[in-house]
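Here is the structure we will look at.
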Amino acid sequence: MSDHAIVTGGARGIGAAIAERLTRDGFSVAVVDRLAPEHDFLSEAIEVDLSDAGATRAALEVYCKGRQVTRLVNNAGIVLPAPVEETDPLSIDAVAAVNLRAPLICLQAVLPAMKAAGRGRIVNISSRVALGKELRTAYAASKAGLHGMTKTWALELGRHGITVNAVGPGPIATELFNAVNPPGDPRTDRIVQTIPVKRTGTPGDVAEAVGFFCSEGAGFVTGQVLYVCGGMTIGSA
Ligand code: NAD
Numbered sequence: 001m002s003d004h005a006i007v008t009g010g011a012r013g014i015g016a017a018i019a020e021r022l023t024r025d026g027f028s029v030a031v032v033d034r035l036a037p038e039h040d041f042l043s044e045a046i047e048v049d050l051s052d053a054g055a056t057r058a059a060l061e062v063y064c065k066g067r068q069v070t071r072l073v074n075n076a077g078i079v080l081p082a083p084v085e086e087t088d089p090l091s092i093d094a095v096a097a098v099n100l101r102a103p104l105i106c107l108q109a110v111l112p113a114m115k116a117a118g119r120g121r122i123v124n125i126s127s128r129v130a131l132g133k134e135l136r137t138a139y140a141a142s143k144a145g146l147h148g149m150t151k152t153w154a155l156e157l158g159r160h161g162i163t164v165n166a167v168g169p170g171p172i173a174t175e176l177f178n179a180v181n182p183p184g185d186p187r188t189d190r191i192v193q194t195i196p197v198k199r200t201g202t203p204g205d206v207a208e209a210v211g212f213f214c215s216e217g218a219g220f221v222t223g224q225v226l227y228v229c230g231g232m233t234i235g236s237a
């Protein structure tokens with residue numbers, strides 16, 4: 001029986017590159033997204049709004065039944081940028097519903113299959129913004145929270161052969177990035193100039209790190225955060 005992998009937010013952007021990588025690595029990939037996938041690197045498309053807890057739980061439980069699901073990549077994420085004075089306190093809840101609550105629901109749905117298999121790999125896609133970034137109160141809180149969840153799950157699940165790690169991308173040229181960092185905006189130009197490798201990343205750069213954490217050989221690596229950021233998280237701000 002071939003192993004199954006679930007990639008949330010895999011319809012486009014970084015998630016699409018992760019779906020491609022895991023398909024090439026031999027997994028049957030299910031993409032969970034509210035949009036129809038823009039690529040063919042999947043065996044199943046599960047269309048659901050991840051901010052709807054009940055619908056997400058139901059869809060994933062149906063998918064996991066009878067399947068050897070041993071990989072989960074919590075990649076879907078949203079950003080609601082705003083200066084702190086204008087940050088609607090409710091935006092914390094809206095961002096957390098997708099960036100924090102959905103990963104927990106997805107994890108709970110795959111755990112019975114992973115425990116039955118006696119092995120599993122969970123990868124949470126966080127962000128370098130977990131370390132702080134202007135105009136990102138709700139987003140930074142959610143991604144820093146995801147690091148805490150990653151380490152907690154690693155401690156609880158290691159005894160079942162399940163590893164849990166996070167990949168924190170730096171600026172990656174996707175629709176999400178371009179929407180909140182418009183090309184040509186002086187703030188965007190400043191970001192690129194401060195990246196030590198002097199370029200934005202590609203979705204494939206992130207998929208490379210996810211491929212490692214999802215590999216059988218990565219079984220002694222858990223609870224870690226790997227920044228895929230062109231060196232942006234080192235040195236002074
Ligand atoms: P993107 O917007 O291009 O793609 C995100 C995908 O998630 C889309 O397919 C979207 O439909 C899906 N999605 C969002 N909300 C959903 C919901 N409620 N229900 C179902 N699907 C939903 O974003 P991306 O740039 O590819 O980002 C992917 C991940 O990487 C996110 O977690 C993001 O926070 C993180 N990240 C991105 C960057 C970057 O520079 N692009 C940097 C750091 C972290």
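Per UniProt numbering, numbering through the sequence shown is continuous, rising by one, with the last residue being 237. For each residue, glycine too, the CB sits at the ideal point set by N, CA and C.
C-beta atoms of residue i and residue j nearer than 9 Å
i: residue 167; j: residue 206; result: yes
i: residue 145; j: residue 233; result: no
i: residue 106; j: residue 60; result: yes
i: residue 138; j: residue 82; result: yes
i: residue 161; j: residue 120; result: yes
i: residue 16; j: residue 39; result: yes
i: residue 64; j: residue 5; result: no
i: residue 174; j: residue 182; result: no
i: residue 104; j: residue 149; result: yes
Top-ranked residue by Cα proximity to residue i, from the options
i: residue 127; options: 142, 221, 212; result: 142
i: residue 9; options: 28, 26, 3, 33; result: 33
i: residue 52; options: 202, 36, 101; result: 101
i: residue 199; options: 160, 210, 172; result: 172
i: residue 79; options: 96, 65, 73; result: 96
i: residue 224; options: 164, 174, 116, 108; result: 164
i: residue 214; options: 125, 189, 140, 130; result: 125
i: residue 89; options: 136, 3, 197; result: 136
i: residue 208; options: 23, 70, 116; result: 23
i: residue 177; options: 132, 3, 14; result: 14
i: residue 115; options: 2, 70, 103; result: 70
i: residue 117; options: 159, 47, 43; result: 159
i: residue 132; options: 185, 94, 84; result: 84
i: residue 113; options: 62, 134, 226, 179; result: 62
i: residue 134; options: 180, 47, 147; result: 180
6 Å CB neighbourhood of residue i in its chain, flanking five on each side removed
i: residue 37; result: 11, 31, 45
i: residue 86; result: none
Own chain, CB closer than 7 Å to residue i, minus 5 neighbours either side, in chain order
i: residue 210; result: 18, 21, 73, 123, 167
i: residue 49; result: 34, 55
i: residue 92; result: 138, 141
i: residue 98; result: 50, 51, 76, 77, 78
i: residue 43; result: 28, 29, 30
Outcome for residue i when other beta-carbon atoms lying within 10 angstroms are tallied against a minimum of 16
i: residue 220; result: exposed
i: residue 155; result: exposed
i: residue 152; result: exposed
i: residue 190; result: exposed
i: residue 203; result: buried
i: residue 236; result: exposed
i: residue 28; result: buried
i: residue 230; result: buried
i: residue 217; result: exposed
i: residue 3; result: buried
i: residue 201; result: buried
i: residue 197; result: exposed
Own chain residues within Cβ distance below 8 Å of residue i, not counting five before or after
i: residue 25; result: 211, 214, 215
i: residue 129; result: 136, 139, 140, 143
i: residue 195; result: 170, 171, 229, 230, 231, 232
i: residue 226; result: 165, 166, 167, 168, 209, 213
Cβ-heavy atom distance, residue i to ligand 2, below 8 Å
i: residue 175; result: With respect to small molecules bound, the structure shown includes ligand 1 and not ligand 2.
Going along the chain, which unbroken runs of the beta strand (DSSP E) with 3 or more residues stay wholly within the region 123-205? The beta strand (DSSP E) runs lying completely inside the region 123-205 and spanning 3 residues or more are 162-169, given in chain order.
Mind listing, in chain order, the continuous beta strand (DSSP E) runs of no fewer than 3 residues lying wholly within the region 49-105? List check, beta strand (DSSP E) in window: 69-74.
At which residue ranges does the region 20-46 contain complete beta strand (DSSP E) runs of 3 or more residues, listed in the order of the chain? Annotation note: the region 20-46 contains the following uninterrupted beta strand (DSSP E) runs of length 3 or greater, listed N- to C-terminal: 28-33.
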